[in-house]
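Engineer: Following this message is one structure expressed as structure tokens.
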Ligand SMILES: [Zn+2]
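Residue numbers (full-length UniProt numbering): 1 to 115.
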């Protein structure tokens with residue numbers, strides 16, 4: 001004989017749950033950095049210095065870059081057999097093979113680089 005247990009228990013009370021979606025109000029503030037395009041050249045240019053806010057003619061400084069060394073290495077490799085390795089010094093002389101850094105003559109602050 002088996003005893004059938006009567007399921008007299010009531011089902012758990014159903015409570016209506018309304019999930020209220022909270023509107024997202026604290027959205028991250030996107031900070032936009034406004035980059036003023038500087039029209040730099042290989043020669044000194046007139047710009048407004050961001051540091052001292054003066055209209056200045058930049059002072060330029062030509063510095064060697066990886067490109068300079070790569071061109072020199074390439075020229076050296078080309079001219080190795082014909083004893084013209086000294087031509088590989090040319091990239092270090094020509095400003096177009098270098099990057100030009102612009103500085104403010106007033107406050108000596110860095111303005112930008114043209115490469
Ligand atoms: Zn300045």
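For each residue, glycine too, the CB sits at the ideal point set by N, CA and C.
Could you check if residue 48 belongs to the surroundings of ligand 1, using beta carbon to heavy atom distance under 6 Å?
Structural biologist: Because no heavy atom of ligand 1 lies under 6 Å away, the Cβ of residue 48 does not count as near it: no.
Engineer: Taking the CB atoms as reference points, tell me whether residue 109 and residue 53 lie closer together than 7 Å.
Structural biologist: Not in contact: residue 109 and residue 53 (Cβ atoms no closer than 7 Å).
Engineer: Just confirm the distance between the C-beta atoms of residue 90 and residue 75, as a whole number of angstroms; I'd bet it's less than 8 Å.
Structural biologist: Right, the Cβ-Cβ distance comes to about 7 Å (below 8 Å), so this counts as a contact.
Engineer: Quick check on this structure: which residue in 106, 115, 77 has the alpha carbon closest to the alpha carbon of residue 95?
Structural biologist: Selected option, being the one with the closest Cα: 115.
Engineer: Is the beta carbon of residue 82 within less than 6 Å of some heavy atom of ligand 1?
Structural biologist: Because no heavy atom of ligand 1 lies under 6 Å away, the Cβ of residue 82 does not count as near it: no.
Engineer: Assign residue 58 to one of two classes, buried (16 or more other C-beta atoms within 10 Å of its C-beta) or exposed (fewer than that).
Structural biologist: With 16 or more other Cβ atoms within 10 Å, it is buried.
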